[in-house]
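Participant: Here the sequence shown is numbered in the numbering used here, starting from 370 and rising by one per residue. To start, I am sharing the structure in question, which I have written as structure tokens.
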Amino acid sequence: MDVNGVYGIKGTPDSNNYPGSRFSSVSWIDSEGDLWLFGGMGNAESTYGSLNDFWKFNHTSKEWPWILGNKTVNVNGIYGIKRVPDSLNYPGGRFSAITWTDSEKKFLVIWRNWIS
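Have a look at this one:
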């Protein structure tokens with residue numbers, strides 16, 4: 370299936386939003402039972418490539434708010450200053466990553482891209 374995503378407004382739940390089709394993305398279920406989805410190779414709003422979009426599926430409302438990242442593909446990240454949080458920072462497009470949650474319930478991602 371080859372489906373483009375519908376992004377809506379970042380951070381705003383809407384029953385019309387959904388991520389585009391993809392593979393080699395990462396996902397996990399949080400302590401409240403909601404599914405989180407990050408990156409992969411696939412379709413953004415209108416193009417195909419390496420994704421850096423971050424979604425959350427609310428299992429109660431059945432909505433996909435777009436949380437972070439871009440609705441375009443092959444985006445370079447903005448990393449800011451090490452160990453200084455900034456809402457303007459985001460990772461570049463990623464696929465074939467691994468994920469885990471540590472003992473403090475912090476979510477961690479490690480990736481390697483094979484784009485040449």
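We treat Cβ as the ideally placed atom computed from N, Cα and C, and that holds for glycine. A quick note: this is a predicted structure, and the numbers were derived from the prediction, not measured.
#1: Three or more beta-carbon pairs under 8 Å between the segment 381-401 and the segment 443-462, yes or no?
#2: Taking its Cβ as the centre, do 16 or more other Cβ atoms sit within 10 Å of Ser472, making it buried, or is it exposed?
#3: So what's Arg463 in DSSP terms, helix, strand or just coil?
#4: Applying the 10 Å Cβ sphere with the 16-neighbour rule, what's the burial state of Asp422?
#5: Give the DSSP bridge partners of Arg391, in chain order.
Facilitator: Once the coordinates are examined:
#1: no
#2: exposed
#3: coil
#4: buried
#5: Under DSSP, Arg391 forms a beta bridge with Gly411.
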